[in-house]
Amino acid sequence: MAFRLTPHERGFYPLFTRAAENIATTANNLAELVSTDATRRAELARTIKNCEHLGDELTHEILVMINKTFVTPFDREDIYRLAGALDDVLDAMEEAADRIVLYRLDTLPPGVAEQVEVLRRAAGCTATAMPKLEHLAELEQYWIDVNSLEEEADTLYRDLLGDLLAAPDPAQTVDVLTVLKTKEVVEILEEAADAFETVANTVQSIAVKES
Amino acid sequence: MAFRLTPHERGFYPLFTRAAENIATTANNLAELVSTDATRRAELARTIKNCEHLGDELTHEILVMINKTFVTPFDREDIYRLAGALDDVLDAMEEAADRIVLYRLDTLPPGVAEQVEVLRRAAGCTATAMPKLEHLAELEQYWIDVNSLEEEADTLYRDLLGDLLAAPDPAQTVDVLTVLKTKEVVEILEEAADAFETVANTVQSIAVKES
Amino acid sequence: MAFRLTPHERGFYPLFTRAAENIATTANNLAELVSTDATRRAELARTIKNCEHLGDELTHEILVMINKTFVTPFDREDIYRLAGALDDVLDAMEEAADRIVLYRLDTLPPGVAEQVEVLRRAAGCTATAMPKLEHLAELEQYWIDVNSLEEEADTLYRDLLGDLLAAPDPAQTVDVLTVLKTKEVVEILEEAADAFETVANTVQSIAVKES
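Residue numbers (our numbering), protein chains in the order written: chain U, 618 to 828; chain Z, 618 to 828; chain C, 618 to 828.
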């Protein structure tokens, strides 16, 4: 059941590539934000906010193009899902940066930087894969890599929850608000990892149908 | 790529109008609930629960009609999304009302009433726009208004999170459960604002395709 | 607007039946986990983790089959939704089991076992209904039963939230972390109940269109 997009519809691909490159830039900024000292964080959070605005514009361009282009319905849903998942990745990274600054979480557990490092690698894979979407080549390895990174993220996430919440030391409860604010950031970073997996699954779904 | 719904399929429109009017009534009741004293809240929460039941019936009617009607697949997905987003708005408003009463949150921060006021305005815009969906007229302003209200809601939400959680006063941690219960209500109200934006985005998507 | 799936496309049905049976097994293990003493829980959580892996394989098989099979687009979305909702049920049950062990929640409120009992019954209904999907027979009662169980789950959930968080006894706030860890488990179990309802709604949607 193979079919090909017409040249006009190929206009989606450069937009997806730009969206993925913007995500890679955001992930680099977020990695810097979590590893730098607290005084520089507000500035980096503003840079990330700008990346999110750019991402919103790219998503809007993609959605306008979906609505103006005739493509068979199922593909349409795939494109819709892919745009949505890329948007979810970016929103989660921006929200994590914002919460770290807003909540004045000056000291983060080391696991948070490890979570962001996994996101940075997933963002790199996604930016490398997206230009290949048009020719449907070499996408298998991308899907395997992102799924493997998602598993790594899951393990880090679960370990962080255990460290934060399962501590038998009752003295730790005195700073329960810090525990909860950190947990919120850790959960948002896990959502970003999940959204990268949704991006990869949607790309694979497109690749299978088009091949 | 224009196409028109047949008269039979137009049956969707009055149902969407009634769903939006029911949401506007709910938002008015919620505005009263958050601004009145705690003794009247249980009664208003019951009224809102009844609105939610009516909304469930309308959603059910729409879904039965989707399944019985031939429409081109992409429109079908739009109608499905629109019904789901209207349902999400109503569920979130009902849940917020319920939690305020259940958690005995007698004193709410002023920002909560501001969040609800934004929802009330978004509900008003939506109720005014929905009867125009059939003729696809004057919907651009609705979309702009709801997106602008959603940004206003975002700012209020973020400020409330900061006020609730970033307080440097360690004494505040003595009432950490109240902080958390209030945070839950604030988050549910933010979900309602997001769902209004999804309603508006779906309406715009339908308008673009049908025009 | 009736249409029938071709024999090839019927390959979906045994996979859905196996997915539902796997969910029933998981629910039984989860019921044992919450009612047994804490020492046996880690082992049962590992068994449930294995069930989740099996479920992931079944979902993957279904998605590969969707992408390789020509079905009319709307059905395709239904199958996609059904696979996703079954996956969500399983993920939530696994996550609840994991968190109980990870957070060392040795003592659970009785309402948690009641939540799991409702899930066990919903899983039983789903496993009984799924083999009937191919012939679209006797599915109405299944839909009514799962919706009624979901309402029961909602009431239990709300009562648990009230018991956990609305306690007027200020002394309870000393163990606020336990309150929050328990709340997280209770919320995850509620997500499982909601996902069972989504499964039933999707099955009904398929049944209406195919009849």
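Ideal placement from N, C-alpha and C gives every residue a C-beta, glycine not left out.
Subject >> Amino acids of chain C, ordered along the chain, whose beta-carbon sits closer than 7 Å to that of R721(Z) >> reply: A783, listed in chain order.
Subject >> Segment contact, 8 Å Cβ cut-off, at least three pairs: the stretch 647–663 of chain C with the stretch 713–721 of chain C >> reply: yes
Original post:
For K666(U), does the count of other Cβ atoms within 10 angstroms reach 16, so buried, or fall short, so exposed?
Top reply: exposed
Original post:
How long is the line joining the alpha carbons of V733(Z) and R698(U), rounded to whole angstroms?
Top reply: The alpha-carbon atoms of V733(Z) and R698(U) are separated by roughly 31 Å.
**OP:** Would you tell me roughly how many angstroms separate the C-alpha atoms of I823(U) and V681(C), rounded to the nearest one?
**Re:** 11 Å
Original post:
Beta-carbon of V825(C) versus every beta-carbon of chain Z: anything under 7 Å?
Top reply: yes
**OP:** Apply the 10 Å Cβ neighbour rule to F633(U) and answer buried if 16 or more other Cβ atoms are within range, or exposed otherwise.
**Re:** When all chains shown are included, F633(U) counts as buried.
**OP:** Please decide whether K666(U) counts as near chain Z, where near means a Cβ-Cβ distance under 7 Å.
**Re:** no
Original post:
Are there 16 or more other CB atoms within 10 angstroms of the CB of T643(C), so buried, or fewer, so exposed?
Top reply: By the 10 Å Cβ count, T643(C) comes out buried.
Original post:
With a CB to CB cut of under 6 Å and the five nearest residues on each side skipped, what residues in its chain are close to K800(C)?
Top reply: Taken in chain order, the residues that qualify are L781.
**OP:** May I have the straight-line CA-CA distance separating L794(U) from L777(U), to the nearest angstrom?
**Re:** 16 Å
Original post:
Are three or more beta carbon pairs between the stretch 658–678 of chain U and the stretch 805–817 of chain Z nearer than 8 Å?
Top reply: No, the stretch 658–678 of chain U does not touch the stretch 805–817 of chain Z.
Original post:
Among T819(Z), A709(Z), V825(Z), which residue has its Cα nearest to the Cα of E804(Z)?
Top reply: A709(Z)
**OP:** Please classify A740(C): is it buried, with 16 or more other beta-carbons within 10 angstroms of its beta-carbon, or exposed?
**Re:** buried
Original post:
Would you report the Cα separation of G701(U) and L753(U), rounded to the nearest angstrom?
Top reply: For G701(U) and L753(U), the distance between alpha carbons rounds to 20 Å.
**OP:** Spell out whether any CB of chain Z is found under 7 Å from the CB atom of G728(C).
**Re:** no
Subject >> Closer than 8 Å at the beta carbon, the chain U residues around E814(C) >> reply: Neighbours of E814(C) on chain U: none; closest Cβ ~22 Å, over 8 Å.
Subject >> Any alpha helix (DSSP H) of 4 or more consecutive residues that is wholly inside the stretch 622–656 of chain Z >> reply: Counting only unbroken stretches of 4 or more residues, the alpha helix (DSSP H) elements lying wholly within the stretch 622–656 of chain Z are 629–652, in sequence order.
Subject >> Length of the line joining the Cα atoms of E660(Z) and N646(U) >> reply: 50 Å
Original post:
For a contact meaning CB atoms closer than 7 Å, what does K798(U) contact in chain Z?
Top reply: L782
**OP:** Would you tell me roughly how many angstroms separate the C-alpha atoms of P727(C) and V763(C), rounded to the nearest one?
**Re:** 22 Å
**OP:** For I761(Z), I'd like the list of residues in its chain whose CB is within less than 7 Å of its CB, leaving aside the five on either flank, ordered along the chain.
**Re:** none
Subject >> Assigned secondary structure, A810(Z) (DSSP; H/G/I helix, E/B strand, else coil) >> reply: helix
Original post:
By Cβ distance below 8 Å, which residues in the same chain neighbour L756(U) in space, the five residues on each side in sequence not counted?
Top reply: Excluding residues up to 5 positions away in sequence, A746, K749, L750, V820, Q821, A824 lie with their Cβ nearer than 8 Å to the Cβ of L756(U) in the same chain.
Subject >> Proximal residues to E808(Z) (C-beta, below 7 Å), its chain only, five neighbours per side dropped >> reply: A709
**OP:** Confirm, please, whether the CB-CB distance from Y630(U) to A783(Z) is below 7 Å.
**Re:** no
Subject >> Sequence-distant residues of its chain with Cβ nearer than 6 Å to T790(Z) (five each side left out) >> reply: Residue confidence for T790(Z) is low, a pLDDT of 45 falling below 50, so the modelled location carries little weight and cannot support an answer.
Original post:
Among A636(C), I683(C), R693(C), N684(C), which has the Cα closest to the Cα of C668(C)?
Top reply: A636(C)
Original post:
So is D723(C) buried or exposed if we call it buried at 16+ other beta carbons inside 10 Å?
Top reply: It is exposed - the Cβ of D723(C) has fewer than 16 other Cβ atoms within 10 Å.
Original post:
Tell me which same chain residues have a C-beta within less than 6 Å of the C-beta of A817(Z), skipping the five on either side of it?
Top reply: In the same chain as A817(Z), and ignoring 5 residues on each side of it, the C-beta atoms closer than 6 Å to its own belong to W760, V763, in chain order.
**OP:** Buried or exposed for R657(U), please, with buried defined as at least 16 other CB atoms from any protein chain shown within 10 angstroms of its CB.
**Re:** exposed
Subject >> Neighbourhood of A770(U) by C-beta, 7 Å cutoff - its chain only, sequence neighbours within 5 removed >> reply: Q732, V735, E807, A810
Original post:
To the nearest angstrom, how far is it from the Cα of V829(Z) to the Cα of L773(C)?
Top reply: Outside the shown range of chain Z, which is 618 to 828, sits residue 829(Z), and nothing can be said about it.
Subject >> T790(U) in three-state terms, based on DSSP >> reply: Bear in mind that the predicted position of T790(U) carries a pLDDT of just 45, short of 50, making it too unreliable to give a figure here.
**OP:** Could you tell me if E768(Z) is buried or exposed, where buried requires 16 or more neighbouring beta carbons within 10 angstroms of its beta carbon?
**Re:** exposed
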